[in-house]
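Contents: one structure, followed by commentary.
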Amino acid sequence: MRGSTTVYVVLGFALITACTPQASQTTSQSASIAPQAKKQITASIFSQPAALHVEVTNPTPSSGSNPGAAELYTLVNAGLTHFDTESVRQPWFAEAVPSAENGLWKVAPDGRMETTWKIKPGIKWHDGAPYTSDDMRFTLEIYRDKEVGTVSIPFLPLIDGYETPDPQTLVLRWQKPFIDADGLFSPGSSGGTIGRIPTLWIFPRHLLEQPYQDNKANFLSLPYWREGFIGAGPFKMVEWVDGAHAVLAANDQYALGRPHIDLLTVQFFSDKSAIKAGLLAGAVQVHMGRGFAVEDVLDIQSTTQEVKVQLGGALMGVLPVYPQAINPDPPIVGNVQFRRAMLMAIDRQEMTDQLNNGLGPVAHSWVQADQPEGRAVEPSIVKYPYDPRAAAQMLQDLGYTKGSDGFFHSSDGTKLSVGLLTHEQNSFHVPGSLSVQTYWQRLGVDVQLYVLPAAQATDLKTRALYPSFILLSKGAIASPDGYFNRAAIPTADNNYAGGNAGRFGSTELDVLIERYLRTIPFQERVNTLGEMVHMQTDQATIMPLFFQGAAYVVGSTKLKNALASFVWNADQWDLD
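So for the sequence shown, my numbering puts the first residue at 663; every next one is plus one.
If you want it as C-alpha cells, here you go:
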C-alpha cells in the first residue's frame, strides 16, 4: 500500500511541475556558464482549504480545522510581528513591537490605553502599491462590519477609535487595558503561547475597497481570496486549483529580501499517509502545519535519514488533575496537606516518559514552561518532588493508618477512597488517569476511576460535580481569566458552563487576575502572575502532571534553514 501511495504522490508532483509556469530560458553563444536552474520545492498541508484566508472565507471560520492554511497565508502576506523560536514576539513589517518601554503602548490613569504601530519603510504589495496605515484602517473596518460576515473578533469592541497621522503610522485608542494588543495584525504562534489572539491579516485597500462598497454580500466570494490574491509576503500567488494545490513564486520586491526559492508548490492533502509517502519519496520537501502525531514523526525518523524531524519544540498544553473545591467527597480532598501528598505520590517524570515520549517536561504550574511568562514565574512556583514515602507520612500525620489490605483507613476504620473522573475526547486522558490511579493505589489510597465516553464528554453538569478529582486537559491555558476566577466556576446558575474546572476561587485570586489583565509592562505583569501561581501551587488547587510535547516533520535534508512549525523565515529557505 505504501508503494502505491508513493507512486500517486510522485506522479501528482510531476503533473504539478509540468503545469507550473516556467521562466523562459535564454542562451548566449558567448556565455561560458549555463544559466542557473530555478529552485523549486513542494510543500504539503493536511487540509483542503476553500480559500486563502480561512478565518474570513470559511462558512464556519476556523483556522484550527484547516491545518497548514495559516502557514500558507503567511507565505503570501506576512504580518506586523511574529513569534520567534523562543516564543518571543519580534517585529516583522512593524518597526518595533509596541511596549510601555518604547513608548508605543501607553495607559492613561483612567485605564484607557493607546497603541501605536509604525510600518517599516519600503514595504509594497505584490502589485507594487505601497503598504500603508490606510490598509490597516481599512482592515479594521472590514472586520467590524457585521454585514460582511467575517469571523467575530471578541476584542475589537474594545477599540474606541483610531487615526492615521501619516502613511506609516496607525494609532489605536482602547477603552480599557488589553494585554494582547501587541499581537494585532500578526499571525498567531505555533504553540500554546499565552495571550494568543485571532489573526487580523491586513488587506490592500486599493484593491478591495471598491468591491467591498459595491457588494458586501459577495465580498468573501471574490477571486481575490484564491487565484487573484495580492499580498505583501515573500511569495506571490501564481495558481490556485481547488482541492489540489497552490503555486507560489518568489516576490522580487519582498521587503526583507528576495526568497532563495523561486517556485513553491503547496499541495493540499486529505490523506496523511500520502504526505508521508511524498516525504519519503523526496516528492515533498517540507510539511507545514499540524497533521502528524508523535508516532508518525517517530515512524518517519526510523524509516529514512533523508527527512529531518524535530522531537520537542513548542509545548502543546498542560495535562492536570483538578481537586474538587466545592463539597468534595471525601471531605479530606479539601485539605491542602492531603492534596500535596497526593501530588507527591505521582511519578510525573515517568508519566511523561511513557505517555508523552519524553517530549514534554514535568509541569509544576499551568503556565507554559517554554514561554517568556513561564520562564519569568519559575522562581515563584512551589514544587512537589516525587516522594511516595514522604506522601505516606503526610497521610499518617493526617490520622490515617495503613491496614493489612494495603490501603489507608481513617480512625473509624473507613477505607480512604477517592473518585477520579475523566473522558475519552483527549488521547492522554485515559492512559493518564490509569497512571494516576496506579500511583495513588500504590500509596495506599483506593481510587474509583470513571471514564465518560466521548458522547458524554460534553455533559457539563457531570464534569462539574465530580466528587474528588478530575483529569481534564484544556490545552494551553492562554490567560487565567475564564479558568481560575470565581465568575468562571461552573454552577447551576450558569448551567455548569464555566471554565474553572477545579471550582476553586477566592477574592485574593480574583484581585490578582484582574490586576494581571490590566497591567501592560511585562515585568510588572509577570510579577503579578508569579504571585498568582505561587498561591495556586502552594495550595495545590491545580495538580499539573506534564506538558504535552510535540514532534515535527521539518522536511528534506536538502532544504536549508527550515524551522519546525514556523514559516516566517521562508525567504531564507534554500536548497542544498
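Glycine included, each C-beta is placed from N, C-alpha and C at the ideal position. Only a predicted model underlies this, so the values are computations on that prediction, with no experimental measurement involved.
- Residues of the same chain with a CB within less than 7 Å of the CB of Ala906, apart from the 5 flanking positions on each side, are Phe930 in chain order.
- Trp754 and Ser1089 have their C-alpha atoms some 36 Å from each other.
- Fully contained in the stretch 1114-1175 are the following beta strand (DSSP E) runs of length 3 or more, in chain order: 1131-1133.
- Per DSSP, reduced to three states, the secondary structure at Trp787 is coil, with no helix or strand assignment.
- If you look at Ser706, you'll find it in the beta strand (DSSP E) that goes Gln702 to Ile707.
- Per the Cβ contact rule, the stretch 783-797 is not in contact with the stretch 919-927 (fewer than 3 Cβ pairs under 8 Å).
- Taking a C-beta distance under 8 Å as the contact criterion, Thr1190 and Thr1199 do not qualify as a contact pair.
- Per the Cβ contact rule, the stretch 1080-1094 is in contact with the stretch 1127-1146 (3 or more Cβ pairs under 8 Å).
- For the set Leu734, Lys700 and Leu714, the Cα lying nearest the Cα of Ile707 is the one of Leu734.
- Contact between the stretch 734-751 and the stretch 956-971 is absent, with fewer than three C-beta pairs closer than 8 Å.
- 8 Å or more divides the Cβ of Val1029 from the Cβ of Ala705.
- Shown here for Ile1175: same chain residues with a beta carbon closer than 8 Å to its own, the five before and five after excluded, namely Pro1142, Asp1143, Phe1146, Asn1147 and Met1194 in chain order.
- Straight-line spacing of the CA atoms in Lys970 and Lys701 works out to 20 Å.
- For Val900, the CB contacts under 7 Å within the same chain, skipping 5 residues up- and downstream, are Pro683, Val909, Leu910 and Ala911 in chain order.
- For Leu1021, DSSP assigns no beta-bridge partner whatsoever.
- Gly1036: member of the alpha helix (DSSP H) spanning Pro1034 to Val1039, first to last residue.
- Look at Ile781 here: in three-state DSSP terms it is strand.
- If only complete runs of 3 or more residues are kept, the stretch 787-820 shows no beta strand (DSSP E) anywhere.
- Phe840 and Pro1183 have their C-alpha atoms roughly 12 Å apart.
- Residue nearest to Ala791 within the set Asp1155, Ala894 and Tyr1178 is Ala894 (criterion: CA-CA distance).
- Pro729 and Ile1151 have their alpha carbons spaced roughly 32 Å apart.
- Gln1016 is classed as exposed because its beta carbon has fewer than 16 other beta carbons within 10 Å across all chains shown.
- Secondary structure at Met1194: helix, using DSSP grouped into helix, strand and coil.
- With fewer than 16 neighbouring CB atoms inside 10 Å of its own CB, Gly1137 falls in the exposed class.
- Each residue's CA atom was taken as its position, placing Pro827 and Thr778 some 11 Å apart.
- Separation of Asn1231 and Trp863 (C-alpha to C-alpha, rounded to the nearest whole angstrom) is 18 Å.
- For Met1004, there is no enclosing beta strand (DSSP E); the enclosing alpha helix (DSSP H) has its first and last residue at Val998 to Met1006.
- Contact between Ala1025 and Pro1206 holds, since their C-beta atoms are separated by about 4 Å, short of 8 Å.
- Beta-carbon to beta-carbon, Val1229 and Leu737 are separated by about 6 Å, close enough to satisfy the 8 Å threshold.
- C-alpha of Lys1220 to C-alpha of Glu1086: approximately 41 Å in a straight line.
- A straight line joining the alpha-carbon of Glu776 with that of Ala939 spans about 51 Å.
- By the Cβ criterion, the stretch 1042-1049 is not in contact with the stretch 1068-1083, since fewer than three pairs of Cβ atoms, one from each stretch, lie closer than 8 Å.
- Comparing C-alpha distances from Ala1149 to each of Asn1157, Ala1140, Ile1139 and Asn1162 shows the shortest one belongs to Asn1162.
- Inclusion of Gly1211 and Gly974 in the CB contact set at 8 Å is warranted, their separation being smaller than that value.
- Shown here, Phe1184 sits in a helix according to DSSP, grouped into three states.
- Residues of the same chain with a CB within less than 8 Å of the CB of Ala758, apart from the 5 flanking positions on each side, are Asn764, Leu766 and Lys780 in chain order.
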